[in-house]
Each structure stands twice: as C-alpha cells, then as structure tokens.
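So the sequence lines, in the order shown, correspond to chains A and B. Using the UniProt record's numbering, read the first sequence as starting at 1 and increasing by one per residue. Using the UniProt record's numbering, read the second sequence as starting at 1 and increasing by one per residue. Everything below concerns the one structure shown next.
Protein chains: 2
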Amino acid sequence: MRKQLLICFLMAGLWSQAQDNALIKTQVRHTIDELVEFVAIPNDALNPSDINRNITWLSDKFSDRGFNTSVLPTDGLPLFFAALPMDSKKPTLLFYMHFDGQSVDPSKWDQPDPYKTVLKSRSGEQWQEHPFSDLDEDIPYDWRLYGRSTSDDKGPIVMFLNTIDLIRKTGQDLSFNVKIILDGEEEKSSAPLPAAVVQYRELLEADYLIISDGPVHVSGQPTIVYGCRGITSMSLTTYGPILPQHSGHYGNYAPNPGMQLSQILAGMKDSEGRVLIPGYYDGIELTTQEVDVLKAVPDDPEQINRALQIRTPEKVGAFYQEALQYPSLNVRGLSSGWVGPEARTIVPATATAELDLRLVPESDGARLKSLVRKHIESKGYRITETVPSAEMRASADRWVTVSEGSVTDAFRTSLNHPFGAHLKTLLTDTFSQPVVQIRIMGGTVPIAPFVNALEIPAFLLPLVNPDNNQHSPNENLKLGQIDYGIRTLQAILTTPLGE
Amino acid sequence: MRKQLLICFLMAGLWSQAQDNALIKTQVRHTIDELVEFVAIPNDALNPSDINRNITWLSDKFSDRGFNTSVLPTDGLPLFFAALPMDSKKPTLLFYMHFDGQSVDPSKWDQPDPYKTVLKSRSGEQWQEHPFSDLDEDIPYDWRLYGRSTSDDKGPIVMFLNTIDLIRKTGQDLSFNVKIILDGEEEKSSAPLPAAVVQYRELLEADYLIISDGPVHVSGQPTIVYGCRGITSMSLTTYGPILPQHSGHYGNYAPNPGMQLSQILAGMKDSEGRVLIPGYYDGIELTTQEVDVLKAVPDDPEQINRALQIRTPEKVGAFYQEALQYPSLNVRGLSSGWVGPEARTIVPATATAELDLRLVPESDGARLKSLVRKHIESKGYRITETVPSAEMRASADRWVTVSEGSVTDAFRTSLNHPFGAHLKTLLTDTFSQPVVQIRIMGGTVPIAPFVNALEIPAFLLPLVNPDNNQHSPNENLKLGQIDYGIRTLQAILTTPLGE
Numbered sequence: 001m002r003k004q005l006l007i008c009f010l011m012a013g014l015w016s017q018a019q020d021n022a023l024i025k026t027q028v029r030h031t032i033d034e035l036v037e038f039v040a041i042p043n044d045a046l047n048p049s050d051i052n053r054n055i056t057w058l059s060d061k062f063s064d065r066g067f068n069t070s071v072l073p074t075d076g077l078p079l080f081f082a083a084l085p086m087d088s089k090k091p092t093l094l095f096y097m098h099f100d101g102q103s104v105d106p107s108k109w110d111q112p113d114p115y116k117t118v119l120k121s122r123s124g125e126q127w128q129e130h131p132f133s134d135l136d137e138d139i140p141y142d143w144r145l146y147g148r149s150t151s152d153d154k155g156p157i158v159m160f161l162n163t164i165d166l167i168r169k170t171g172q173d174l175s176f177n178v179k180i181i182l183d184g185e186e187e188k189s190s191a192p193l194p195a196a197v198v199q200y201r202e203l204l205e206a207d208y209l210i211i212s213d214g215p216v217h218v219s220g221q222p223t224i225v226y227g228c229r230g231i232t233s234m235s236l237t238t239y240g241p242i243l244p245q246h247s248g249h250y251g252n253y254a255p256n257p258g259m260q261l262s263q264i265l266a267g268m269k270d271s272e273g274r275v276l277i278p279g280y281y282d283g284i285e286l287t288t289q290e291v292d293v294l295k296a297v298p299d300d301p302e303q304i305n306r307a308l309q310i311r312t313p314e315k316v317g318a319f320y321q322e323a324l325q326y327p328s329l330n331v332r333g334l335s336s337g338w339v340g341p342e343a344r345t346i347v348p349a350t351a352t353a354e355l356d357l358r359l360v361p362e363s364d365g366a367r368l369k370s371l372v373r374k375h376i377e378s379k380g381y382r383i384t385e386t387v388p389s390a391e392m393r394a395s396a397d398r399w400v401t402v403s404e405g406s407v408t409d410a411f412r413t414s415l416n417h418p419f420g421a422h423l424k425t426l427l428t429d430t431f432s433q434p435v436v437q438i439r440i441m442g443g444t445v446p447i448a449p450f451v452n453a454l455e456i457p458a459f460l461l462p463l464v465n466p467d468n469n470q471h472s473p474n475e476n477l478k479l480g481q482i483d484y485g486i487r488t489l490q491a492i493l494t495t496p497l498g499e
Numbered sequence: 001m002r003k004q005l006l007i008c009f010l011m012a013g014l015w016s017q018a019q020d021n022a023l024i025k026t027q028v029r030h031t032i033d034e035l036v037e038f039v040a041i042p043n044d045a046l047n048p049s050d051i052n053r054n055i056t057w058l059s060d061k062f063s064d065r066g067f068n069t070s071v072l073p074t075d076g077l078p079l080f081f082a083a084l085p086m087d088s089k090k091p092t093l094l095f096y097m098h099f100d101g102q103s104v105d106p107s108k109w110d111q112p113d114p115y116k117t118v119l120k121s122r123s124g125e126q127w128q129e130h131p132f133s134d135l136d137e138d139i140p141y142d143w144r145l146y147g148r149s150t151s152d153d154k155g156p157i158v159m160f161l162n163t164i165d166l167i168r169k170t171g172q173d174l175s176f177n178v179k180i181i182l183d184g185e186e187e188k189s190s191a192p193l194p195a196a197v198v199q200y201r202e203l204l205e206a207d208y209l210i211i212s213d214g215p216v217h218v219s220g221q222p223t224i225v226y227g228c229r230g231i232t233s234m235s236l237t238t239y240g241p242i243l244p245q246h247s248g249h250y251g252n253y254a255p256n257p258g259m260q261l262s263q264i265l266a267g268m269k270d271s272e273g274r275v276l277i278p279g280y281y282d283g284i285e286l287t288t289q290e291v292d293v294l295k296a297v298p299d300d301p302e303q304i305n306r307a308l309q310i311r312t313p314e315k316v317g318a319f320y321q322e323a324l325q326y327p328s329l330n331v332r333g334l335s336s337g338w339v340g341p342e343a344r345t346i347v348p349a350t351a352t353a354e355l356d357l358r359l360v361p362e363s364d365g366a367r368l369k370s371l372v373r374k375h376i377e378s379k380g381y382r383i384t385e386t387v388p389s390a391e392m393r394a395s396a397d398r399w400v401t402v403s404e405g406s407v408t409d410a411f412r413t414s415l416n417h418p419f420g421a422h423l424k425t426l427l428t429d430t431f432s433q434p435v436v437q438i439r440i441m442g443g444t445v446p447i448a449p450f451v452n453a454l455e456i457p458a459f460l461l462p463l464v465n466p467d468n469n470q471h472s473p474n475e476n477l478k479l480g481q482i483d484y485g486i487r488t489l490q491a492i493l494t495t496p497l498g499e
C-alpha cells in the first residue's frame with residue numbers, strides 16, 4: 001500500500017514535471033519570437049533615436065504585463081524603469097539589465113544584417129541556417145540565435161518578461177516586489193548612472209539588486225557573481241623635439257619620447273607582471289575560506305592558456321581567480337611615430353601610452369592614479385595636464401602629459417551574505433548541479449552606484465552562454481540558455497526567503 | 001711709375017672681376033631656366049617611367065656638353081653615367097648626385113604643382129610670386145625657386161652642367177678628368193648601388209669622389225663634409241594573448257606585450273640617452289685635434305635647442321658635433337593596441353618598436369644589431385625571425401620577433417687628407433670666408449660603396465641653402481646658391497692640385 005502510494009506520488013510528480021517542461025518550452029518559443037522582434041530595433045547608444053525606439057518597445061511590453069513604467073531623464077540618455085504594484089509585506093528585488101548594444105560592422109558578420117536575427121544549427125564545423133518554422137515541432141537547445149544583443153543584454157530582458165508570463169500561467173505567487181531598471185548606454189560606460197541613482201533613490205529602493213549581464217561560467221554551470229572590478233584609465237604622453245626630426249641629424253641629440261615612455265612604463269611592473277609601485281596592492285587580504293571559494297571555481301587553466309596561446313600567465317595571483325582579486329595596470333595602447341612599412345627615419349615628437357586600471361573594492365581609483373603619478377615623478381618627470389607650452393619646454397626637461405579617465409567603482413558583496421546563500425540553494429535545487437561562485441569578476445558592470453549610494457547588496461546572475469561573442473561580430477544566444485534563464489528567474493521570483 | 005702700374009693692374013683686375021661676375025650672372029640665369037625645365041619632369045623613384053624620362057633629359061643635356069653618356073642597368077632602376085674624354089696625364093674626379101626626388105603631396109604645397117617651379121621673393125613674413133621675366137634685368141640673390149628637387153638634388157646637377165658651359169666660355173682648362181654618376185633612387189636608399197659599384201668599377205675608377213647633396217652648414221658658410229653616418233634598422237615585436245583580450249577578464253593574467261616591449265627598450269639606454277648595451281661605442285676615440293675641428297663648427301646650440309624646443313639634449317656627446325661621432329639607437333616608432341579616442345579596454349596581442357641605428361665607421365651595422373639582439377636575450381627573451389607559431393608559444397614564454405633592415409655603411413675620409421686641404425684652400429680663396437669642416441654628418445648618403453669598394457677618398461660639397469625644405473612641401477633653392485654652386489664647381493674643376 002505504501003509502495004503504491006509512493007509510485008502514485010512519483011508518477012504525479014513526473015506528470016507535473018512533464019507539464020512544467022511543456023509550459024516552459026512554449027514560453028521559450030515565445031521568448032524567441034519576442035527577442036527577434038526586439039533585436040530588430042537597432043540599439044547603438046551612439047544613436048539616441050535608436051534608444052528612444054527601444055524604450056517605446058519596452059514600455060509596451062512591460063505595460064502589457066501589468067508593470068507601471070517610467071522613462072527617467074538623466075544627464076545622458078534616459079533610463080527605463082518598471083515595477084509591479086507593491087505589497088509592503090514583501091521584500092523588494094531590483095533587477096538591472098541594459099538594452100543598448102555595441103556598434104555593429106555588418107561586413108564582419110556572417111549574416112547581412114546584425115539586427116535581423118538568424119537561427120542556426122551546427123553540423124560539424126559549419127553553422128547552417130534554418131527558418132524559424134523549424135522550431136514548430138521541437139526546439140533543439142543547441143541551436144543558436146545570431147544577432148546583436150541576443151545575449152548582451154536583450155536576451156535576459158525578454159527572458160524576464162516571459163518568466164512573468166509563465167508565473168502567471170502556472171498560478172504561482174511572486175515572493176517579492178519586483179522592480180527593474182534598464183540602462184540605455186551601458187556599452188558607453190553609463191556615465192549618467194551615478195547621478196541618476198541618487199536622483200531616483202526612492203524609486204529604486206530595494207532589498208536586493210540582481211544584475212543579469214554577461215555569461216555564466218565557461219563550464220556552463222549555474223553561476224553567481226558577488227562583485228565586479230571597477231575601471232579607470234590614464235593616458236601618458238612624453239615629448240621629444242617639437243616636430244618629428246630627421247634621425248640622422250638629431251639621433252643622439254634630441255631626446256627620444258619613445259625611450260622616455262618605455263623607461264617610465266618599464267619600472268611600473270616586474271618581469272612577471274606584478275606592480276612594483278609602492279602601495280598599489282595595499283589593503284588586499286584573502287582569508288583561507290575566500291581562497292577556498294576561489295579555488296572551487298572549475299576553471300581549466302590549460303584550456304585558458306591554450307585559448308590565449310600563452311605558456312605562463314602573469315604572477316599577480318597564483319591562479320586565474322586569485323589574479324582577479326587585485327587591481328590591474330594594463331598597457332592597452334602605445335603609439336609613437338610610425339611602424340611597419342610606414343616607418344620613417346625620424347626622432348618622433350611624442351609618444352603616448354594608454355593605461356587601464358581595473359579596480360577592486362580595496363583599491364580606490366583616485367588613489368591608484370595618484371600612485372602612478374608619483375611613480376612618474378619619481379623617475380624625474382614633471383606632470384602637466386595639458387600639452388606643455390614652448391615656455392614650459394624651455395624651463396624644464398621631461399614633461400609628461402597625464403590625462404585621467406573617470407572612475408567606475410568596483411563592488412563586492414560578501415560571500416557570506418544570506419541572500420547569496422538563498423540564491424545558491426535555489427539554483428542547486430533547480431538544476432541539480434554544483435553552483436559556481438565568483439567572488440569578483442574581472443570585467444566592469446557600472447552598477448557600483450547602486451551598491452555604494454543605495455547600499456543594496458548586489459549579485460550578478462548571468463543567464464547566457466559563455467561563447468556568445470559578446471561585443472564582437474556574430475553575437476549569439478544558445479536556445480538552451482533561454483530555458484535556463486526562465487527557470488532561474490522563475491525560481492528567484494517565486495521562492496520565498498528562508499526556503 | 002710703380003704706383004701707376006699698380007693702379008692699372010688693380011683696374012684690370014677689377015674689370016676682369018666685373019666681367020666674370022657678368023658671365024656668372026648670365027650662367028645663373030641659364031641655370032634657372034634649365035632647372036625649371038628639369039624639375040618639370042616628375043622624378044618619384046616609386047615610378048620607374050618618371051626615372052626613364054629624367055634619364056632621357058640627362059642624356060641630351062650631357063651629350064650637348066660633349067660628355068659620353070651611358071645608362072647603367074642595375075638590379076633596380078638604372079644609373080646615369082657621363083664622362084668627358086679622358087686625358088691620362090690628369091687626375092680624375094668622380095661626381096655623385098641624384099636626380100630622383102621625394103614623393104609629393106600637392107595639397108601640402110603653397111603652389112598647385114610641385115613640378116611646376118614658382119619664383120618667389122619675401123616681403124616681410126609673406127612670400128610673393130613673380131613671373132620669370134622679373135629676372136631679365138637683375139637676379140636678386142635672395143629670391144627663391146620653389147619646386148620638388150630644386151635643391152635635392154636637381155639644382156646641383158644643373159649647376160654642374162652650367163659650370164662646364166662657363167669654363168668653356170672663359171677658355172679655362174679643366175685640371176681633372178671629369179666623370180659623373182647620377183643615382184635614380186637615392187630617396188629609396190639606393191639599394192642597387194653596392195652591387196653596381198662593383199660591376200662598373202672600371203668605369204667609375206677615379207682619384208677623388210665629390211658628392212653634392214644636402215645643404216651647406218646652417219651658418220651659410222662654405223662647407224666641406226668628410227663623411228656621413230650609415231644606417232640600419234631593426235623591428236621588434238612582442239606578444240601577449242593571440243588575439244586582443246578584454247582587459248577585465250585578462251588584465252593581471254595575459255602577459256602584456258606593451259609592458260614587455262617597454263622593459264626591453266628601457267634598459268638599452270640610460271636616462272640621458274647614452275646606450276648601455278656593452279660594446280656599442282667600442283673603437284670610437286677622438287683626438288684633441290679632432291675635437292678641435294668639431295668645436296670649430298659654428299653651431300649655435302641655443303638656436304638648435306630653441307628650434308627643437310628642447311632644454312637639454314641627450315648626453316652622448318658633450319655638444320652637437322661630438323654627438324654625431326657616435327652611433328645612435330633611435331626609437332622611431334611604437335605601436336600596440338589603440339590610443340586616443342580609439343583606445344579600447346583590451347590586453348593587446350602584440351607591440352612593435354621600430355629602431356634605427358645610425359652608424360659610424362667604427363660601428364659595423366651587423367655588429368651593433370647583434371649587440372642589440374644579445375641585450376634582448378639577456379632580458380630573458382627568445383628571438384625569432386618570424387611570427388611565433390602556436391607550438392613555439394606553447395613551448396616557451398617571451399618571444400620577440402626581430403627583423404633587420406639592410407645596412408648602409410658609414411664612411412669618413414681623414415680630416416688630414418691632402419685633397420681636403422686642397423678643397424679648403426680653394427673655397428677660402430674663392431669666397432674669402434672661413435670654411436666649415438664637418439668630420440661626419442648625422443644623415444646618410446648611400447655612397448659608402450664607392451669609398452669601401454673602390455677605395456676612393458670622398459668629400460661632400462653641399463651647394464644649396466640650409467633652409468631648403470628638403471623632403472618636405474615647399475622645397476626651394478635660393479638663387480644666390482646657384483652663384484655659389486657655379487663658383488665652387490668652377491674652382492674645383494679648374495684649380496690644379498698643389499695650387
């Protein structure tokens with residue numbers, strides 16, 4: 001009798017699982033159609049009219065789902081905000097995503113129009129195009145949608161909308177109040193965001209911030225990211241003769257700006273990539289528990305190194321995840337005179353290095369830049385903000401023009417935060433797979449203002465495939481990730497805290 | 001009686017001087033007309049048909065003056081050779097000049113066509129154009145001809161032709177057998193010259209070589225140059241990730257090629273421009289007498305530094321002329337990633353430095369390049385000639401691709417050579433001005449093969465103004481330099497050795 005009951009119970013469970021799967025597959029198909037429609041609206045943040053047309057689409061789609069929507073003016077392009085009616089007894093989740101995309105160069109894509117989504121399956125090394133009607137019978141989860149922002153970041157927005165639909169269809173309760181803020185110039189660094197976050201702080205008030213941007217860990221496992229590095233930049237220019245000079249007439253006489261620049265840069269790091277500037281790594285300490293979390297990330301160093309075609313990585317950290325716990329100092333560009341077939345026999349007039357500095361919470365951007373400036377001065381150079389005048393050049397040697405980019409702060413939520421544990425549990429339960437926990441990711445999402453100004457604990461929950469060609473030609477979204485995204489968002493929205 | 005005789009003699013001298021001046025002025029005018037005709041034939045060595053049309057013109061003009069002419073095939077463009085009938089009792093002078101010119105960008109000139117010579121006078125800061133008929137009454141020696149190769153180096157060729165005319169008109173005897181070799185790709189580095197000099201060594205046999213190329217000393221005084229530096233080049237490329245990578249994901253992990261390149265370059269020199277690579281300056285010693293000759297050059301360091309807008313020059317030599325006695329090591333170009341508004345948040349895949357090394361006779365180009373290679377290896381890098389393959393990158397870190405340019409040797413004739421003293425005496429007598437002696441000039445004229453293969457003592461006798469904008473838009477020739485050039489060549493050709 002008990003055995004029969006158990007079988008009955010199991011069968012009911014299987015049946016309900018099958019019903020759920022069918023419902024989700026229908027929602028995946030609807031997500032595909034809606035995403036194709038959304039991608040068709042170009043979204044280059046360099047073109048404000050693009051952004052406005054996307055906002056119109058978003059207003060319609062969120063209103064249809066019962067959201068109250070607002071367009072929030074900023075110093076730059078407007079933000080889009082939507083919220084479901086509030087219930088004061090529930091905690092509030094704020095989602096952040098962005099609907100702008102990187103500029104496209106159609107000549108580099110394997111399809112005529114990056115805004116006209118193409119469906120493809122892989123056969124061997126080739127990708128083969130399909131009509132969307134091929135999805136009518138079944139949705140093969142290893143097929144992909146190709147188009148700008150399919151993954152970064154329109155896909156997650158449309159998954160979010162369709163998760164709301166699914167929750168309605170299954171009659172589930174939302175365990176949270178739900179707000180969503182959508183950025184229209186994330187790919188342009190979201191310059192207006194810090195001020196806007198302060199201006200609209202009441203509207204944005206929430207207990208937890210969830211950011212869905214970027215891909216899951218390369219292993220494909222469910223992933224929670226607890227923080228991301230910030231960024232700032234510096235540009236250094238050194239000076240030789242006022243105009244390029246004949247290297248015969250003035251080689252050995254006119255100071256060489258490329259050699260000066262090399263001598264400034266060379267001392268910034270040791271030969272294994274560690275910054276030598278005193279104080280650069282101050283304040284960073286890793287506990288044994290933290291190192292254990294970093295080590296638990298299923299990175300495959302051989303695979304990473306093979307992909308980069310490097311034999312030995314830099315030694316800032318003992319392994320990849322550890323390296324990301326430190327600020328970087330990266331020479332992203334060098335230029336002086338001409339190289340290659342255009343090289344000329346000259347002493348160049350100037351040499352320029354572009355640096356970017358990825359920040360961690362312990363490393364204030366302004367502080368690191370002032371350390372770099374001190375290093376430059378310690379080498380006997382004088383710093384100016386502008387191009388030195390003839391008078392300045394006559395009064396002193398060794399000028400360096402330093403210009404500084406703005407600072408986007410890092411953020412990092414504690415690995416011990418209870419909402420992190422909650423997310424980890426629900427992802428484990430939903431997918432029966434180990435969850436990858438990333439203490440801080442290397443790249444920058446400009447949402448530190450939420451964390452710092454609003455003091456909302458923030459978590460990145462990536463939904464898309466790691467090989468999505470984000471920022472590149474042939475950006476794509478694996479259909480299986482839509483299933484993953486909907487299940488993840490459904491679990492988050494419907495699982496009460498403490499369960 | 002003696003007093004009357006003396007007056008008579010002086011008057012006769014003055015009359016003959018006045019007659020000479022008139023004859024020379026007529027010849028200057030003819031030189032101007034012939035130079036305008038010659039400049040009108042474009043002479044970009046990148047365009048072989050240009051060079052052939054120039055050779056046709058030269059063949060006509062030299063034949064008209066009784067020269068036997070030959071077109072000498074080489075591995076590249078042909079050389080033009082001409083000689084007057086030989087007299088075995090006389091010593092032989094070989095002249096070297098070139099008739100090709102730098103490429104032109106007409107949009108950067110103040111005249112529509114750089115091959116259509118324009119006559120200009122200065123009034124205040126402005127240059128005013130004149131019809132050539134303005135020269136019919138008088139030739140103002142501070143007016144200028146503007147056009148490509150007016151100075152570099154067609155002007156001296158036409159001065160040479162007209163000096164032969166003048167000598168005929170005055171009934172003077174030539175004190176030398178006269179040969180002239182004209183290069184058609186000097187501005188392209190005369191790559192075929194070394195082999196051609198060996199191939200045609202009997203034809204080119206001579207006692208002395210005179211090169212007329214480049215300007216007189218900036219003081220405007222008569223100038224003899226005893227040598228010029230050679231040149232070679234190296235290109236160094238370092239490697240980071242195989243493709244540019246996101247600086248967030250891989251900053252602190254993927255090796256940075258710009259930092260590697262800076263660290264390689266930085267150690268090559270001290271902060272005052274002296275090469276630190278052991279052996280680089282080996283063999284260079286200056287006697288007190290030589291330093292005295294260098295110091296006697298009327299350079300104005302304040303003027304040089306003001307023109308370059310530098311406060312302190314490099315310290316290879318104690319002063320400008322001394323600096324030129326040493327080989328240089330010049331970073332003429334740097335490139336990695338992107339700079340300025342195009343800077344991207346990447347770890348670049350490669351970084352490249354272009355070096356040029358100006359050579360002196362003590363500094364063999366191959367030896368200096370091997371010292372630079374040793375320096376690179378001493379920093380822990382591996383040198384390859386090609387782009388390292390995936391296998392090479394997997395087997396070792398720190399590859400540097402080094403490619404080497406060809407070597408154009410330096411040459412330097414002894415300051416004590418009797419023919420130098422002869423030239424100095426005749427210039428002093430002709431112009432009643434102190435003569436500037438340059439032991440070695442900084443730039444390179446590719447005639448070392450004559451000196452090294454044919455063992456002919458060589459002297460540069462520049463004829464044109466120092467502010468001629470050689471290699472630049474608005475190249476020009478001051479009319480007074482034509483007078484200077486004709487008088488100089490007349491004195492050289494008609495003054496027997498030992499007078």
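Beta carbons: idealized from backbone N, C-alpha and C, even for Gly. Since the structure is predicted, the reported quantities are computational estimates derived from the model, not experimental observations.
Cβ-Cβ distances below 7 Å link A/Val158 to Thr31, Glu34, Leu35, Phe38 in the same chain, with the five nearest sequence neighbours on each side left out; the list follows chain order. The C-beta separation of A/His471 from A/Gln102 comes to about 5 Å, placing the pair in contact by the 8 Å criterion. CA-to-CA, the gap between A/Met97 and A/Gly184 works out to about 9 Å.
Of all residues in the stretch 347-360 of chain A, those with a C-beta nearer than 8 Å to a C-beta of chain B are Val347, Pro348, Ala351, Thr352, Ala353, Glu354, Asp356, Arg358, reading in chain order. Contact of A/Gln245 with chain B by beta-carbon distance below 8 Å involves Leu308. Listed in chain order, the alpha helix (DSSP H) runs fully inside the stretch 154-220 of chain A are 154-170, 193-199, 201-204, counting runs of at least 4 residues.
Collapsing the DSSP output to three states places A/Tyr146 in a strand. Between B/Val464 and B/Gln490, the C-beta gap is not smaller than 7 Å, which leaves the two residues out of contact. Taking a C-beta cut-off of 7 Å against chain B, none of the residues of the stretch 94-123 of chain A qualify. By the rule that beta-carbons nearer than 7 Å mark a contact, B/Ala254 touches chain A.
Considering only B/Val71, B/Pro73, B/Arg65, the residue with the shortest C-alpha distance to B/Pro85 is B/Arg65. Taking the C-beta atoms as reference points, B/Tyr253 is found no nearer than 7 Å to A/Tyr250.
CA-CA distance, B/Thr384 to B/Lys374, rounds to 13 Å. The alpha-carbon of B/Val297 is positioned some 14 Å away from that of B/Gln325. Counting along the chain, no alpha helix (DSSP H) covers A/Phe80; the unbroken beta strand (DSSP E) around it starts and ends at 79-83. Of all alpha-carbon atoms in B/Leu77, B/Ile210, B/Trp57, the one lying nearest the alpha-carbon of B/Ala195 is that of B/Leu77.
Membership of A/Ala458 in the beta strand (DSSP E) is indicated by the continuous run 458-460. Contact annotation for B/Val339 against chain A: Ser235, Gly333, Leu334, Ser335, Thr352, Ala353, Glu354 [CB-CB distance below 8 Å, chain order].
In chain order, Leu294 place their CB closer than 6 Å to the CB of A/Glu322, counting only its own chain and leaving out the 5 sequence neighbours on each side. For A/Leu93, the number of other beta carbons within 10 angstroms of its own is at least 16, and it is reported as buried.
The beta-carbon of A/Leu265 is placed less than 7 Å from the nearest beta-carbon of chain B. Counting along the chain, A/Ala453 sits inside the alpha helix (DSSP H) bounded by residues 448-453. With a contact defined as Cβ atoms closer than 8 Å, A/Pro496 and A/Ser235 miss out at about 51 Å.
Contacts with chain A at 7 Å (Cβ-Cβ) include B/Val316. The stretch 273-289 of chain A makes no contact with the stretch 325-338 of chain B, as fewer than three CB pairs between them are under 8 Å.
When the Cα atoms are used, B/Pro457 and B/Ile440 turn out to be separated by approximately 14 Å. Here the alpha carbon of A/Asp113 sits roughly 10 Å from the alpha carbon of A/Asn474. Secondary structure of B/Arg274 (DSSP, three-state): coil.
Chain A has a Cβ within less than 7 Å of the Cβ of B/Ala390. Its Cα nearest to that of A/Lys478, the residue A/Arg144 stands out among A/Tyr226, A/Ser414, A/Arg144.
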